[in-house]
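Take the sequence shown: its position 405, counted from the start at 1, is 404 in numbering that gives the first Met the number 0, and no numbers get skipped. Every residue gets a Cβ at the ideal spot worked out from N, C-alpha and C, and that includes glycine. All remarks here apply to the structure that follows.
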Amino acid sequence: MCFYHLLLGFDLRCLLMFILIFLLVAECLKNRNPPNYPPGPLALPFVGNLFRLDINITELADVHGNVFHIHYGRQKMVFVCSYKMVKEAFLTQAENFVDRAPSVVYTRFFSGQTNGLIMTNGEPWKTQRRFALSTMRNFGVGKNLMEQNICEEARHLLEEIERHNGKPFTPAGLFNNAASNIICQLVMGRRFEYSDHNFVTVLKNLSEFFRLVGSKWFDLYEVVPGIMKHLPGPHNKMFSLFNNISDFISEEVKRHKRDLDPNNPRDYIDSFLIEMKNHSEDNQSFNDKNLVLCAMDLFLAGTETTASTLQWALIYLIKNPDVQEKVHAEIDQVIGRTRLPTMADRANLPYTDAVIHEIQRMANISPFSIPTVAAKDTQLGGYSIPKGTCVIILLTSVLFDKNEWETPHTFNPGHFLDASGKFLKKEAFLPFSAGKRMCLGEGLARMEIFLFLIALLQKFSFSAPHGEELRTDGILGDVLVPHSFNVHAKAR
0 MCFYHLLLGF DLRCLLMFIL IFLLVAECLK NRNPPNYPPG PLALPFVGNL
50 FRLDINITEL ADVHGNVFHI HYGRQKMVFV CSYKMVKEAF LTQAENFVDR
100 APSVVYTRFF SGQTNGLIMT NGEPWKTQRR FALSTMRNFG VGKNLMEQNI
150 CEEARHLLEE IERHNGKPFT PAGLFNNAAS NIICQLVMGR RFEYSDHNFV
200 TVLKNLSEFF RLVGSKWFDL YEVVPGIMKH LPGPHNKMFS LFNNISDFIS
250 EEVKRHKRDL DPNNPRDYID SFLIEMKNHS EDNQSFNDKN LVLCAMDLFL
300 AGTETTASTL QWALIYLIKN PDVQEKVHAE IDQVIGRTRL PTMADRANLP
350 YTDAVIHEIQ RMANISPFSI PTVAAKDTQL GGYSIPKGTC VIILLTSVLF
400 DKNEWETPHT FNPGHFLDAS GKFLKKEAFL PFSAGKRMCL GEGLARMEIF
450 LFLIALLQKF SFSAPHGEEL RTDGILGDVL VPHSFNVHAK AR
C-alpha cells in the first residue's frame with residue numbers, strides 16, 4: 000500500500016513536471032522573435048521583464064541601440080529612441096503609427112468601450128479630433144480672446160501669491176487651479192475660485208490619478224489583469240478616482256443640458272450637445288457617454304501638464320538665478336511691469352523664449368509617448384517591425400539626444416539661441432510628442448506657459464527658503480512632476 004502511494008506521488012510529480020516543461024516550451028515557441036526583430040534584454044517566461052520594470056529604459060538604448068524591445072508581461076513593446084529614429088518612424092511613416100495600442104486598464108475605465116479623444120482609433124478618433132480642434136479655435140485658442148482669458152486668470156494667480164506676503168508657500172495647488180481654469184472655460188464655460196473646496200478636491204484626485212496611472216501598479220494590472228482585479232492594493236484607487244472625475248464632468252453635462260441654447264453655444268460641451276442633435280444618426284461617436292469621456296480627456300490633459308511645467312519653471316529659475324535676472328531684465332525692457340504680456344511680445348523676447356523652451360526640454364514632462372501599434376509590416380532602423388507591434392517613443396531620448404543638444408543634461412538656454420542672440424528653432428524639440436497623435440492642445444499649452452510665466456516674473460522674484468534644496472529628479476507618473484517644494488515670491 001505504501002509502495003502504491005509512493006508510485007502515485009511519483010507519477011503526479013512527473014505529470015506536473017511534464018506540464019510545466021510543456022508550458023515553458025510552448026511559451027518560448029510562442030514568443031520567439033521573428034527574423035530581424037529589434038534586440039532587447041532577456042525576459043522570463045510568462046512575466047517577461049515584469050520584475051525589471053524599474054529598469055532605466057534610456058540605459059537599454061545604450062546597450063541595444065535606438066530601436067529595441069522589452070517584454071511587457073507576454074506582450075512585446077518596441078521602443079524608438081533618438082531624434083533620427085523618431086523622425087523616421089513618427090514623421091516620415093506617420094500613417095503607420097496612428098492607432099493606439101489596446102489597454103486592459105483603459106478598457107475598464109471606459110466600461111468595455113473605446114471612446115474619448117486619447118485612446119480611440121479610426122474614424123471616431125479623426126472625427127472627434129477635428130471637432131475638438133475646430134471647437135477650441137471657435138472659442139478663442141490662438142486668438143486674442145484666449146490671451147485675454149489667460150491674462151485674466153494670471154491676475155487671479157498673482158493675487159493669490161500676493162496673499163502669502165513673501166512667506167514660503169507651495170505653488171503646486173495654485174498652478175493646478177490656474178491651468179485647470181483655462182481648460183474649464185473652454186470645456187465648461189466657467190472658472191472656479193481657488194477656495195472652491197469641491198474643485199480643489201477634484202484637482203487633488205486628478206493629480207493622484209496621474210500618479211497611479213504612471214506607476215508600477217498600472218503596469219502590473221496591464222500584465223496580469225485576471226489576478227490584479229481580485230487583489231487589494233492602490234491599483235483599485237485608479238478606477239475610483241477615474242469615476243470621481245467622470246462624475247464631476249457628468250454633472251457639468253447635466254447643467255449644460257438644463258440651459259442649452261442651440262443658437263448660442265458657450266463652450267465645448269454645448270457644441271457637442273448641439274452636434275449630437277444634428278448628427279445623432281449619422282455619427283455614433285456623438286453620444287452622452289462619449290461627451291463625458293472627450294470632455295474628461297481635455298480636462299485631464301489640459302491641467303496637469305501645464306501646471307507641472309510652471310512648477311519646473313520655478314525650480315530651474317531658482318537654481319539658475321543669473322538666468323532669472325536676465326529674464327527679468329528683458330521683460331522690463333520690452334514690456335515693463337505695468338501691462339500684462341501678449342503673444343505678440345514673444346518675438347521681442349528671444350532670451351525669455353529660449354529659457355521657456357529649455358525649461359520644457361529639461362522638465363521632460365512626458366518621458367514616453369502613449370503606445371501605438373504598427374498598421375503594417377515595416378522597416379525601422381534596419382529592423383523588421385511586424386504589423387500589430389506595440390511601439391513607444393522614448394521622448395526623453397529626443398529631448399536629451401547628445402547628437403542634437405550641445406549640453407543635453409545641463410540647463411542651457413543657449414540651445415535655443417543663435418550667435419546673434421536671436422531665438423533658434425530646434426527640430427528635436429518635441430515635448431508634445433510627434434506624428435499624427437501629437438498633443439492637440441499644444442498651441443494652448445504654449446500660450447498658457449508663456450503668458451503665465453511672464454506675468455509671474457514681471458511681478459515677483461522667486462527663491463527657495465533658506466536651507467531647502469530643490470530637486471530636479473521628479474516623480475514619474477503619467478506626467479513627470481516635481482517633488483513638493485516651497486518658494487518665496489518677493490515683489491519686484
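- Secondary structure at Arg-99: strand, using DSSP grouped into helix, strand and coil.
- Under the three-state reduction of DSSP output, Ser-383 falls in the strand class.
- Judged by pairs of C-beta atoms under 8 Å, the region 473-480 does not touch the region 329-340, as fewer than three such pairs exist.
- For Ser-245, no beta strand (DSSP E) encloses it; the enclosing alpha helix (DSSP H) starts and ends at 234-257.
- Taking C-beta atoms under 8 Å as the contact rule, Ile-358 and Tyr-315 qualify, at a distance of about 5 Å.
- Your pair Ser-284 and Gln-127 checks out as a contact, with CB atoms roughly 6 Å apart and the cut at 8 Å.
- 8 Å or more divides the Cβ of Thr-388 from the Cβ of Ala-374.
- Between the alpha carbons of Gly-442 and Ile-69 lies a distance of about 34 Å.
- With 16 or more other CB atoms across the displayed protein chains lying within 10 angstroms of its CB, Lys-75 is buried.
- Inclusion of Phe-247 and Val-201 in the CB contact set at 8 Å is warranted, their separation being smaller than that value.
- Counting the other Cβ atoms within 10 Å of the Cβ of Val-66 gives 16 or more, which makes it buried.
- Secondary structure note for Cys-150: its alpha helix (DSSP H) is the uninterrupted segment 143-161.
- If you draw a 10 Å sphere on the C-beta of Gly-165, you find fewer than 16 other C-beta atoms in it, and that means exposed.
- His-196 counts as exposed, since fewer than 16 other beta carbons sit within 10 angstroms of its beta carbon.
- In the same chain as Phe-208, and ignoring 5 residues on each side of it, the C-beta atoms closer than 7 Å to its own belong to Met-237, Leu-240, Phe-241 and Ile-244, in chain order.
- For Thr-471, the three-state secondary structure derived from DSSP is coil.
- Of the other Cβ atoms in all chains shown, fewer than 16 fall within 10 Å of the Cβ of Pro-38; this residue is therefore exposed.
- Counting only runs of 4 or more residues that sit fully inside the region 163-243, the alpha helix (DSSP H) segments are 171-186, 196-212, 215-222 and 224-227, in chain order.
- In the DSSP assignment, Lys-458 is bridged to no other residue.
- Check the Cα spacing between Gln-184 and each of Asn-148, Glu-159, Leu-205 and Pro-167: the tightest is with Asn-148.
- Put simply, the region 78-96 touches the region 399-406. At least three CB pairs are less than 8 Å apart.
- Per DSSP, the continuous alpha helix (DSSP H) segment holding Gln-127 begins and ends at 121-137.
- With contact defined as three or more Cβ pairs closer than 8 Å, the region 341-349 and the region 366-386 are not in contact.
- The continuous beta strand (DSSP E) containing Cys-389 extends over residues 389-392.
- His-155 sits away from Ala-488, with the two beta carbons spaced by 8 Å or more.
- Scanning its chain for C-beta atoms nearer than 6 Å, with the 5 sequence neighbours on each side dropped, one finds around Phe-198 the residues Phe-191, in chain order.
- In the assembly as shown, Asp-260 is an exposed residue. Its beta-carbon has fewer than 16 other beta-carbons within 10 Å.
- Taken in chain order, the unbroken stretches of alpha helix (DSSP H) that lie wholly in the region 407-460 and span 4 residues or more are 441-458.
- Within the DSSP bridge table, the entry for Leu-479 names Leu-475 as partners.
- Non-local C-beta neighbours of Thr-337 in its own chain, meaning closer than 7 Å and more than five positions away in sequence, are absent.
- Around the Cβ of Gln-323, a 10 Å sphere holds 16 or more other Cβ atoms; the residue is buried.
- Per DSSP, Val-140 lies in no alpha helix (DSSP H) and is assigned neither H nor E.
- Taken atom to atom, the span from the alpha-carbon of Thr-106 to that of Asn-289 is near 14 Å.
- Ala-306 has its alpha-carbon roughly 20 Å from the corresponding atom of Met-135.
- Here Tyr-36 carries a coil assignment [DSSP, helix/strand/coil].
- With a cutoff of 8 Å on beta-carbon distance, Leu-144 and Ala-454 are scored as not near each other.
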